[in-house]
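Residue numbers (the working numbering): 365 to 636.
Structure record follows, encoded as structure tokens.
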Ligand SMILES: C[S@@+](CC[C@H](N)C(=O)[O-])C[C@H]1O[C@@H](n2cnc3c(N)ncnc32)[C@H](O)[C@@H]1O
């Protein structure tokens with residue numbers, strides 16, 4: 365039986381241990397749809413999978429033949445230097461068996477990401493179109509992981525980084541700063557959702573900002589500047605869920621809009 369991402373989001377995701385805000389899960393789901401519809405190709409996967417909460421959503425968003433890579437120290441927790449989560453290979457594999465089809469290819473590296481080179485990843489699964497970085501939360505790990513995924517990113521690939529604005533993990537934001545201040549850095553931030561920051565190559569940021577605002581307009585809150593880059597913020601404030609905003613977005617995105625415009629034009633003409 366093929367399990368859809370919708371079924372996983374409704375019935376699976378809440379039962380799996382880990383950290384992923386519901387709105388960010390839905391936003392990443394829309395990012396997977398966008399990549400599939402616009403022909404972005406490559407592997408998906410995660411550094412720091414824990415029990416697989418986000419990994420499974422990514423893995424369910426593959427085309428046949430695309431790989432899903434999972435990098436985690438798992439039971440070698442002495443390599444988890446800052447005690448961020450606690451991967452468990454058996455629980456992860458049991459969840460993968462429950463939610464993914466047996467034929468689905470999983471490429472697992474039980475290793476610290478500090479010991480993974482771009483060539484290792486390319487040999488394992490090829491260029492990567494969507495990767496989550498949520499492994500070690502030290503400055504060095506974040507810097508390493510952004511550079512690692514940046515080096516293997518497929519055309520139009522995206523990176524989702526966890527905890528960049530989490531006050532409990534300040535090393536993450538300083539790792540990001542160190543990465544972005546390097547003139548050779550390939551990735552630029554373009555969006556933020558609860559506890560997630562999204563990066564793409566500079567030339568792709570405009571495409572993702574336009575397309576994601578189109579799909580997630582109801583939750584769009586504002587555009588801000590982050591290290592010289594425009595970033596769109598979605599779903600972080602209660603205002604996102606207000607009735608007024610819901611009505612505005614409903615009118616914008618349903619066929620009622622042309623009628624509303626025609627009605628407005630008629631009223632204006634009659635008022636002249
Ligand atoms: C916060 S948890 C990940 C949560 C997961 N993304 C989810 O969806 O719930 C962090 C994970 O990173 C792993 N980890 C910690 N340091 C690591 C490192 N240097 N390399 C790879 N994995 C690491 C931990 O074992 C743990 O499973």
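Backbone N, C-alpha and C fix where the C-beta goes; we use that ideal spot for every residue, glycine too.
Same chain, Cβ closer than 6 Å to residue i, five either side skipped, listed in chain order
i, result
"residue 398", "575"
"residue 469", "431"
"residue 438", "451, 453, 474"
"residue 567", "none"
"residue 524", "496, 560, 562"
"residue 449", "414"
"residue 571", "none"
Residue i (DSSP reduced to helix, strand or coil)
i, result
"residue 521", "strand"
"residue 496", "strand"
"residue 526", "strand"
"residue 485", "helix"
"residue 388", "helix"
"residue 630", "helix"
"residue 367", "coil"
"residue 480", "coil"
"residue 612", "helix"
"residue 490", "coil"
"residue 380", "coil"
"residue 636", "coil"
Residue i burial status per 10 Å Cβ neighbour count (16 or more: buried)
i, result
"residue 496", "buried"
"residue 421", "buried"
"residue 530", "exposed"
"residue 608", "exposed"
"residue 412", "buried"
"residue 464", "buried"
Close-in-space but distant-in-sequence residues of the same chain around residue i (CB under 7 Å, 5 per side omitted)
i, result
"residue 579", "394, 398"
"residue 597", "556, 585, 586, 588"
"residue 527", "501, 533, 536, 559"
"residue 446", "500, 501, 502"
"residue 455", "415"
"residue 509", "411, 477, 497, 499"
Proximal residues to residue i (C-beta, below 8 Å), its chain only, five neighbours per side dropped
i, result
"residue 492", "406, 407, 408, 409, 433, 485, 513, 516, 517, 518, 521"
"residue 482", "512, 515, 516"
"residue 427", "400, 405"
8 Å contact criterion, which residue i and residue j should meet: CB distance rounded
i, j, result
"residue 396", "residue 425", "3 Å"
"residue 388", "residue 559", "6 Å"
"residue 544", "residue 591", "5 Å"
"residue 552", "residue 507", "About 16 Å separates the two Cβ atoms, so there is no contact after all."
"residue 564", "residue 554", "6 Å"
What are the start and end residues of each continuous alpha helix (DSSP H) run of 4 or more residues lying completely inside the segment 403-475, in chain order?
-> 417-423, 453-463
Whole runs of the alpha helix (DSSP H) within the segment 529-606, excluding any shorter than 4 residues = 534-544, 566-579
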